[in-house]
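Just so you know, the protein sequences line up as chains A, B, C and D, in that order. In terms of our numbering, the first sequence opens at residue 1 and continues consecutively. In terms of our numbering, the second sequence opens at residue 1 and continues consecutively. In terms of our numbering, the third sequence opens at residue 1 and continues consecutively. In terms of our numbering, the fourth sequence opens at residue 1 and continues consecutively. Cβ coordinates follow ideal geometry from the N, Cα and C atoms, glycine included. Let me begin by presenting the structure, written as structure tokens, before commenting on it.
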Amino acid sequence: MKLQFPAEAEAVRAEFSAWLDANTPSVAEATVRPRSTADSPPWARRFQCAMFDAGWLLPGQPPEFGGRNASLLEQFVIEEELMRRRVYHSFNPQGLSIIAPSILMFGTPQQKATWAVPVLRGEKTAALGMSEPGAGSDLAGLRTRAVADGEGYVVNGQKVWTSGAHDSDFILAFVRTDPDVPKHKGISALIIPTATPGVTCRPFGSICSKDDHDFNEVFFDDAFVPAENLVGNLNNGWHVATGTLGEERAMLWLSNYERLDDVINNFGARVRGTELADDPLTQDWYGRLLVDAMALRLLGYQSVAKTASGHDPAEQSILKLFGSEAAHEATNRALETLGPLALDHTIDSAPYNHMNLDQFSASWFDRYCRSFAVTIAGGTSEIQRNIIAERILGLPR
Amino acid sequence: MKLQFPAEAEAVRAEFSAWLDANTPSVAEATVRPRSTADSPPWARRFQCAMFDAGWLLPGQPPEFGGRNASLLEQFVIEEELMRRRVYHSFNPQGLSIIAPSILMFGTPQQKATWAVPVLRGEKTAALGMSEPGAGSDLAGLRTRAVADGEGYVVNGQKVWTSGAHDSDFILAFVRTDPDVPKHKGISALIIPTATPGVTCRPFGSICSKDDHDFNEVFFDDAFVPAENLVGNLNNGWHVATGTLGEERAMLWLSNYERLDDVINNFGARVRGTELADDPLTQDWYGRLLVDAMALRLLGYQSVAKTASGHDPAEQSILKLFGSEAAHEATNRALETLGPLALDHTIDSAPYNHMNLDQFSASWFDRYCRSFAVTIAGGTSEIQRNIIAERILGLPR
Amino acid sequence: MELELDDDQRTLQETVRGIIAKECTPAFVRAVIEDGLDPSPWWDTMVGLYWPALAIAEDVGGLGMTWIELAILLEELGHAVDPSPYLATTTQFVPIVRRCGDAAQAARWLGGVAAGGITGALALGEHTVRATADDGGWRLDGSVAYVVDADRADEIAVVATAHDGVGVYVVERASAGAALTIDPIPVFDHTTHIAGLSLEGVVVSGDRRLGGSDLAEGIAVAVEEATLGWSVVTVGACQRILELVVDHVKQRHQFGVPIGSFQAVKHKAVDMYVAIQRARAIAQYAALTFVEDDPRRSIAVSMAKVAAGDCQEVVLRNGVQLFGGMGFTWENDLHIALRRAKLCVTMFGSTIEHRRRVARDALLGEGAA
Amino acid sequence: MELELDDDQRTLQETVRGIIAKECTPAFVRAVIEDGLDPSPWWDTMVGLYWPALAIAEDVGGLGMTWIELAILLEELGHAVDPSPYLATTTQFVPIVRRCGDAAQAARWLGGVAAGGITGALALGEHTVRATADDGGWRLDGSVAYVVDADRADEIAVVATAHDGVGVYVVERASAGAALTIDPIPVFDHTTHIAGLSLEGVVVSGDRRLGGSDLAEGIAVAVEEATLGWSVVTVGACQRILELVVDHVKQRHQFGVPIGSFQAVKHKAVDMYVAIQRARAIAQYAALTFVEDDPRRSIAVSMAKVAAGDCQEVVLRNGVQLFGGMGFTWENDLHIALRRAKLCVTMFGSTIEHRRRVARDALLGEGAA
């Protein structure tokens, strides 16, 4: 056991750190904010492309896909350094972290060149079409249908919660291509350009604001998709959906760590030097937050190490459950402690951080509301508990 | 709405209060402690008999059964006054509150005279034989069998958690008399004297101490019970089991209120004048405890009033859930707050209260342990939540 | 204790619910939030129903009912997330005038509220506003943060400190002119108006200084009424959330069954329900202490604020969780009630402060509670 | 960071588990509790295995391993609810001698522990025991409450205040005679010895005053080691409870199915598991800060105590609840581990105190953490 990372990993961090010092967009440059998770402002696209060219964007990939064949540990220190600096490699996170890697893993050379690389270079943005009304966490129950028709498929149905769809160039959509086989067996993955006739994206407001447009309903009404847009084999969409995130899963916890760290920093800055810093009850929850953040970091490191050494990391559910619950608790306590000081609801009512995504620099109430999302999206805390109980503790279904 | 009780109820309270002033056993008299919930020391038996004679013991009953045909509200103020003074009408609480009333409700005149009245007058003690190994909260699954044989029944099987059985004169046992009908339909209630050949009571220690003998395993090995000991009709035991507690159910919450009040008083006495009383974190949980106690009292009063005015009190599960969880939380916090002061594990490490049952005057650790019992016995908190969800909120089974 | 509503009170509750269901609908509240619709017609409807007059004494034109009836109304208004100036007028402005004013002032302003001409607010500037005698009247200088309805109330009762101690000065907003600056704060509950107040030489006439006798006590009790008002409104908003959630989990299916059949869902819903029962019971008790002038009043109010604060925490956490993604949309009414309920923790003392107050009274005080 | 046990450490863990499974069985611990069986043979076994020597330096006869290995052992001993004097000897007495003693004293007492001749205790009487020079030696007067193993340790290191400041004096229990009174306290964990100490003119020779240089710092670090020791033991006891509970809910049937299939049961068990993972990770981290002499050490130890305290709370509450009636019996081993885990909150600072210390460091201090 050691408190330090191996020297090789630290060397990569140092190199990356120097690169970031030289290349991170300036405060003056990064003023235009994105309006959704598929709306990447020009300055962000430029930076993302620079990351691609330098091989820092998806470091585990080969250079032609924005990487440097880095080991997981190296990928991790790169990710950690970005997190520490609150520098975002992409403002189309699902495009970068899920959709492009899916196409790189399962797609044809032409799909890689036409769809994946532009997403990586910041030239296109993409949205992920998984959830449907009524299906929720239950992917096997999806009902959007694609019927083979000549040189392609005709798609009918509806997706929901499709983040950024209205700002995206295309959607990687999971559709039912064989209605006669059980549940997840008849699903395929299609690249559907949003400009396709018959595709309608309807963004809707979130709990935070009527004008916070990221979620979409997406309607497919006899939308024709060419056969060449099928990703992976026909009826093999389940593998595309579940196989995309490989060892990178071991780094997902960093986003919750960032949330915790954000409250630690912003709340700390807000109260340091005031009488709240001396208040025992504030200290009580703030101390718990510090312990939670440290524990998440330690458990996260362990999970990265296990994955790097080839073990199966069954702990992602733990990190998700623990990290998201801790993040919600922290924002709730911060809101309560600040009392009337937390009333103000303008976006700049919390300290502004250079390049920060809005969910981290929003008002305390916004932070509180958004913290619910992390205990729900990507599998609710209830579902994580079921998984842990059954897979780790071995309790009966 | 009023904060006061009606004048008639207050008049009864005043009368009872005066009676208690004159008749409560003195500190000197009440030194011998009971060793189980069916072990009533002589001084306690004398006091219980005096309560019977004066019509205060089961005030809702007619005078020949220790009462005065009191209304529920009058019963309540009597119960409340006892609680407030920490005076116990019986040290065989199940005998007094469940077994004797069951026999009075379902028994023959001879059973009333032979078994119920002696229990009420403190001449006999009784235990309740319900739970069985493997049956738990599920009375319908019990397996102890009674087979008709000449002038009576031959009983075989085993009970567990039978409080005070080894110190009791008889057990009101629920046994299966018809194995061929579904679940709860073939159950009967039998009075089984513990001296019956074939009845063996084996007390076992509790979480609190090896020597804290109240729970028993009771084995029936061809035990013969005369037919005249059948309470209620054959195969009608389910009604006896569920019908005993009528409107008195509306007062069960008082025991949890007593637990809360006990921590309020004893912890308060322990820390008042010390720096702990000034500690914000102590104040935080102690304040919650005071609010919990007040809320339980208010909700309890409402439930009594609803029952008195003929409404169905669906709230017993709420009172049970809320009161027991609050009591556990309070003892846990008290233990933690006292730190090393809570280490001492002798029974008199907490303030002694005249006539107090041991579970209220025990060490802080004992209190903590016993507080688990109230979230488990009589239906776990989980089961109470299921009941509330289904019966009150109307959620599907 | 008799803690059940009597028949008249139950009838009132039913009537109020019926009217709100017709007049202060979710669509109406949403239009106020989304389109900036003016809620005044709804206020006028309430005035027509004598709701502002409810707990005002009959001799000044009110209905002479008690805090019990007021609480019945406030809970329903919290349930509806009422966008009107009812809360501040009846639980802040009315109490300060009633507790601190003389008979003429009561007739003037309480009568005015009862008759429907006046809405009011309360600005607690005891330590931040100075009053100086000025030619028979008073001159006010200073500022007060976070005043409910300061931007729309007709009359603002300002607590200020003069040479002879704390006093209360009723400022007519419309006539104060440039000496009074009001800065609305964009709070997260879009249906509650909160503003900061700056007074630079606001002059009020002598008859606008409240002339009651024990002003310190009067102000304290008025603040207690205001605190109880928030607590009751919070209970109503939480009840609304529970109803939305219970409907949702009965209808929403997953893995082939309604999610309300899952134990984890049931238990979270029950914890919400119990938290609401607890908060409502204590709020009613606190209301009763006003009715009966019970000495436990002050601590009862703190208990009510604590229970409301505990309640919103459980109800919001579990409520949003049980709604899942559906609760995360703007279209869902959940967040409208959530915003109102959350406001509770920011106003008139935090849960923690009131909880410590309850404990201190028991551990350090005379033990009156 | 490398936070995984290496192969040697894993082997040590397996070995320790194997030996404990044979030598410190539940039946053995129960016999100590119920029949007053003397646990000395088990201590002798540990001595034979060089366990007390584990983290003692090689130059005084120890094995020279680190806090990581010590923590591996302590967690397993917590799991078994070890009734021996191991904890106080290795995490209280050894650290104070190592941190505060000179070379000769280290050789004498650490060598003694390593060789198996000596058990030790630590009595923190900084403010309650006075040391006065006495004919080349020292005379100790005062009292110390709640000293672990004071009633059975061979040597008791007493922290006391002399004219020139705080010092540490090693008292040989057997030779102190009537000047030393030891009052065992009947604590709720029957396998832990705690006693009060009264010293009335206990005289120790000059070479029994620890002669290191920075005593205040040495004492502080020794106390941190003691604190971490309790934290690790608590994690072990909690792990034991989780295992008992998981076995129980798999086997116990109700309504026709194992109760472990109920969601409410699963979720409670998972919360126990997560609390243990959290506490163990932080305890290991704190152990590492000793190994690497990391400046975050002191705060890391407080974090470990916090996480252990949080852990026992969740594990005990959910554990007893999931066992239902079965957990409420003396026969069930649950309460044996429960008592050990609960002891954690009473020793070396409460969860709350350590939590506030962590926060104060971040909010008020230099922010070293």
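* Can you list, in chain order, the stretches of the beta strand (DSSP E) that have 3 or more residues and sit fully within the stretch 156-181 of chain A? -> 170-176
* **Interface partners of P258 (chain D) on chain A, CB under 7 Å** => P396
* Asked: How would you list, in chain order, the residues of chain C whose beta-carbon sits under 7 Å from the beta-carbon of A295 (chain B)?
  -> R278, A281, I282, A307
* Within 10 angstroms of its Cβ, does N332 (chain A) collect 16 or more other Cβ (buried), or is it exposed? -> buried
* Asked: Using the rule of at least 16 other Cβ atoms within 10 Å of the residue's Cβ for burial, across every protein chain shown, is R10 (chain C) buried or exposed?
  -> exposed
* With 16 as the cutoff for other CB atoms within 10 Å, does H248 (chain D) come out buried or exposed? -> buried
* Own chain, CB closer than 7 Å to S168 (chain A), minus 5 neighbours either side, in chain order -> A38, T125, A126, A127, T194
* Assumed close pair A165 (chain A), V154 (chain A) - CB separation to whole angstroms, cut-off 8 Å -> That belief does not hold up - the Cβ atoms of A165 (chain A) and V154 (chain A) are roughly 19 Å apart, past 8 Å.
* Determine which residues share a DSSP beta bridge with D344 (chain B) and list them. => D:V187
* To do: Check each residue of the stretch 261-272 of chain C: if its Cβ is closer than 8 Å to any Cβ of chain D, include it; give the result in chain order.
  => F262, Q263, A264, H267
* **Reference I20 (chain C), options C:A55, C:L37, C:P83, C:I68, closest by Cα** => C:P83
* Closest Cβ-Cβ distance between L281 (chain B) and chain A: below 7 Å? -> yes
* **Beta-carbon neighbours of T91 (chain D), restricted to chain B and to distances below 9 Å** => None at all; the shortest Cβ gap to chain B is about 18 Å.
* What in chain A is Cβ-close to D284 (chain B), meaning under 7 Å? -> L281
* To do: Within 10 angstroms of the Cβ of K320 (chain A), are there 16 or more other Cβ atoms? Answer buried if so, exposed if not.
  => buried
* Asked: Okay, do the stretch 318-332 of chain C and the stretch 203-210 of chain A touch, 3+ Cβ pairs below 8 Å being the bar?
  -> yes
* Note the first and the last residue of the continuous beta strand (DSSP E) segment covering F365 (chain A). => No beta strand (DSSP E) holds F365 (chain A); the alpha helix (DSSP H) holding it covers 364-376.
* To do: Would you grab the beta carbon distance between L3 (chain C) and Q302 (chain B) for me? Rounded to a whole angstrom, and I think it's under 8 Å.
  => 5 Å
* Unbroken stretches of the alpha helix (DSSP H), 4 residues or longer, contained in the stretch 80-159 of chain B -> 100-106, 117-120
* Cβ of W43 (chain C) less than 7 Å from any chain A Cβ? -> no
* Asked: Based on Cα-Cα distance, which residue from C:P52, C:L316, C:I194, C:C24 lies nearest to I118 (chain C)?
  -> C:P52
* Among residues of its own chain, excluding the 5 on either side of M347 (chain C), which ones have a beta-carbon nearer than 7 Å to its beta-carbon? -> W230
* Asked: What number of angstroms, rounded off, separates the C-alpha of G211 (chain D) from the C-alpha of T307 (chain A)?
  -> 49 Å
* To do: Check the DSSP bridge columns for Q160 (chain D) and list the partner residues they point to.
  => Here residue 160 (chain D) is Ala; the residue named in the question, Gln, does not match the sequence. Answer is D:G167.
* **Residue from C:A57, C:R278, C:R340 whose Cα sits closest to the Cα of I318 (chain B)** => C:R278
* Can you have a look at A250 (chain B) and say buried or exposed, based on whether 16 or more other CB atoms are within 10 angstroms of its CB? => buried
* Asked: Nearest CA to the CA of L73 (chain C): which residue from C:L54, C:V345, C:L140, C:E23?
  -> C:L54
* Nearest to R356 (chain D) by alpha carbon, out of D:L343, D:G325, D:I299, D:R339? -> D:I299
* Contact between the stretch 116-135 of chain D and the stretch 149-167 of chain D (3+ Cβ pairs under 8 Å) -> yes
* Have a look at N256 (chain B) and G165 (chain C) and give me their C-alpha separation to the nearest angstrom. => 48 Å
* Output, in chain order, the set of chain A residues within a Cβ distance shorter than 9 Å of E69 (chain D). => The contacting residues do not exist; E69 (chain D) stays about 10 Å from chain A at best.
* Asked: So L197 (chain D) and A179 (chain D) are in contact, right, with Cβ under 8 Å, and what is the actual spacing, rounded?
  -> The Cβ separation is near 11 Å, so there is no contact.
* Looking only at C-alpha atoms, which of C:H335, C:G177, C:V345, C:V358 sits nearest to G210 (chain A)? -> Note on identity: in this sequence residue 210 (chain A) is Lys, with Gly being the wrong assignment. Among C:H335, C:G177, C:V345, C:V358, the Cα nearest to that of K210 (chain A) belongs to C:H335.
* Under a Cβ-count criterion, where at least 16 other Cβ atoms within 10 Å of its own Cβ denotes burial, should V218 (chain B) be classed as buried or exposed? -> buried
* CB contact below 7 Å: A308 (chain B) versus chain C -> no
* Asked: Based on Cα-Cα distance, which residue from B:L96, B:F91, B:P42, B:R86 lies nearest to G67 (chain B)?
  -> B:L96
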